[in-house]
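Data block below; observations after.
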Amino acid sequence: MINYIDEFVAPSKIHESLFIGYLWSTPSLYEKYRNHEISEDTFTEPIWWYFYFIGNEMYANSIRKFDDKTVYSFLTSRPKEVNRKSYFDCYNEYGGYNLIDELLEECEKDKGNDDYHFSEIQKYESLRKFQSESLIDTTNKDLIGKLTRMTLKQMQSFFQFKTSSIFSHINCGEVVEYDLGDDLDIAIDKMNQGEAMGIPLHDSPRLSKKIKGWRKGELMYLILSSGVGKSSISMEKFVLSLYENEQKGMMFVNEENIWKTRNLVLATVSSKILHKPINREKLIEGSFEQKTLDKLDAAKKWIQKFPKNHIKFYDLKKYRVEDVISRITMMKPLNYNYALLDTFKPSASAQESARWESFSNAAQNIFDCIKPEANNVGLLATVQLKIGKEYRYLDLSAIGKSLEIAEVASVILMGRLLFADEMPGKKEALAAYNWVKNALNGVWEKEKYELDPEKTYMIIFISKNRSGDLSEQIIYEVDYSINSFKEVAYAQMGKKSNSMF
88 MINYIDEFVA PSKIHESLFI GYLWSTPSLY EKYRNHEISE DTFTEPIWWY FYFIGNEMYA
148 NSIRKFDDKT VYSFLTSRPK EVNRKSYFDC YNEYGGYNLI DELLEECEKD KGNDDYHFSE
208 IQKYESLRKF QSESLIDTTN KDLIGKLTRM TLKQMQSFFQ FKTSSIFSHI NCGEVVEYDL
268 GDDLDIAIDK MNQGEAMGIP LHDSPRLSKK IKGWRKGELM YLILSSGVGK SSISMEKFVL
328 SLYENEQKGM MFVNEENIWK TRNLVLATVS SKILHKPINR EKLIEGSFEQ KTLDKLDAAK
388 KWIQKFPKNH IKFYDLKKYR VEDVISRITM MKPLNYNYAL LDTFKPSASA QESARWESFS
448 NAAQNIFDCI KPEANNVGLL ATVQLKIGKE YRYLDLSAIG KSLEIAEVAS VILMGRLLFA
508 DEMPGKKEAL AAYNWVKNAL NGVWEKEKYE LDPEKTYMII FISKNRSGDL SEQIIYEVDY
568 SINSFKEVAY AQMGKKSNSM F
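Mapping to the numbering used here: the sequence shown position 170 is 257, numbers consecutive.
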């Protein structure tokens, strides 16, 4: 048991008691704080942890008013554990509702300050954690006084600055001299071994060949209109690739939760790996037939062949690029070499100009984190195509005000569904084809691929590619009923004008 210095314990007590008073006077605050990590270590005295825990249990049991009678009935209905005091015995020992009444009276005088008190609790908890890790010189009274006078945010900035300063000499202004003509045999050997190739995308040989796979140390964008399938394509082509190539990865998601993503990966594995498609509507409706349950069980068993932490999922409850960067930096030493950010977008800002400048800066910060000289992580970021920018030919001009984010990307994929007039026999009929090797002369030739007007197709434009050309597009046959994106052909659309028509 660590003997914490009094400066990290005593000041926290008043904040802990008032925080409990706020929670018990307004139980809905438990919902507000449910995403915070609050444990026994958060509090300096068992009494406040007890009242926090009991209140949380009552709120979880749909109790929305913590009056004396309700608390009494709840506690007396709890089963008593062997060799432990009952909840009710502890309640009486800690002063019962008389204590709560006193807290409610105090909070009535101190309305609306729960954020402040919780922030102070977190500050002192953080300081105790620093002490437990021997990261603070507790004999330095000037430092202790300085830290305890700070707010939580000020203290966080203080330690981040100190940490950055300590490591500032690493990769900072470094100039390394080489002889260009040296080690050419090694360079040839590295190229021959295919070290420049990334991992292939799932069931996408054409796209993988064009962009040289999903490569570490590079930023890739997938830009589509809302509702077209950014998350579904990412799951099929990129997440399945991590499983197939036995590469650990991270998913940073701000528009879907963990349960929807688990549902999607189960359905995608069933459809694309096990070739047992499950209807999308049936997944939403539930009440499955046995054959559907069997398909899902088979998908579960396939996924469970890999460690459960093979892919880490981060639900960005409050979207901040800084959280993505810190997690990538933290997980890279554990061999997490690939990441997916769905969706990358500008942070909220009062002024439009500041919003887009922030978007550009965020892209630069992400790239600085993943580039080979830093963490060497391959990152796919999905981006929503600007409304009104779904032209027939998609290039970087369709990104709109967010164009500056393109500067740090190695690959930019932009997609849309084919228009009705691009089907065979129509005015803007698209000439789809595949490359076939002539058996007589060994020359690769185009072979026509017939599009089916009854089917849905998506065209993916390679709008930026540092590893290859941009002249060809890739056609996917889309089946939204089973979330399937089947790569079927190439196309070569010329840019007529920046227009849909």
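All residues carry an ideal CB built from backbone N, CA and C; glycine is no exception.
The structure presented is a predicted model; accordingly, all values stated were derived computationally and were not measured.
Around the C-beta of P433, 16 or more other C-beta atoms lie within 10 Å, and the residue is accordingly described as buried. Within the same chain, L311, S312, V315, L472, E477, L481, M545 and I546 come within 8 Å of R503 by CB-CB distance, once the 5 residues on both sides are set aside. The continuous beta strand (DSSP E) containing T469 extends over residues G465 to Q471. At a Cβ-Cβ threshold of 9 Å, T416 and N462 count as neighbours.
Counting only the Cα atoms, L214 lies some 10 Å from I92. When the alpha-carbon of I286 is set against those of E305, D270 and E144, the nearest one is in E305. A contact between stretches requires three or more CB pairs, one per stretch, nearer than 8 Å, and the region 125-137 meets this requirement with the region 95-107. Here the alpha carbon of H362 sits roughly 11 Å from the alpha carbon of I569. Taking the CA atoms as reference points, L116 sits about 21 Å from D402. Where E564 is concerned, the enclosing beta strand (DSSP E) starts and stops at Q560 to D566. One thing to note: K297 has its Cβ within 9 Å of the Cβ of E559. Contact holds between the region 353-369 and the region 385-402, because three or more Cβ pairs, one in each stretch, are under 8 Å apart. Between the alpha carbons of K156 and N122 lies a distance of about 29 Å. Contact between L427 and S497 fails: their C-beta atoms lie close to 15 Å from each other, not under 8 Å. The way I'd put it, the region 507-524 does touch the region 532-546; three or more beta-carbon pairs between them come closer than 8 Å.
Taking a cut-off of 8 Å for Cβ pairs, the region 169-182 and the region 190-200 do not touch, as fewer than three such pairs fall below it. Distance from the Cα of S206 is smallest, within the candidate group L110, F393, T238 and L370, for T238.
Under the three-state reduction of DSSP output, E574 falls in the strand class. When beta bridges are read from the DSSP output, N521 appears opposite E534.
Taking C-beta atoms under 8 Å as the contact rule, I453 and I412 qualify, at a distance of about 7 Å.
Counted as a single uninterrupted DSSP element, the alpha helix (DSSP H) harbouring L234 occupies residues K228 to R236.
The residue among V340, F153 and E168 with its C-alpha nearest the C-alpha of T469 is V340. The beta carbon of L186 lies closer than 7 Å to none in the same chain, with the five residues before and after it left out. Between the alpha carbons of N148 and F161 lies a distance of about 9 Å. As summarised for the region 161-196, the continuous alpha helix (DSSP H) elements at least 4 residues long and confined to that stretch are 174-180 and 183-196, given in chain order.
Of all alpha-carbon atoms in S244, K233 and E494, the one lying nearest the alpha-carbon of M307 is that of E494. The beta carbon of N422 lies closer than 6 Å to those of K335 in the same chain, with the five residues before and after it left out. K335 is bridged by DSSP to Y423. Annotated three-state conformation of R479 is coil, per DSSP.
In the structure shown, G142 falls within a helical segment according to DSSP collapsed to helix, strand and coil. Y401 has F339 as its beta-bridge partners, per DSSP.
Distance check between V96 and each of S219, Y563 and Y174 places S219 closest, using alpha-carbon atoms only.
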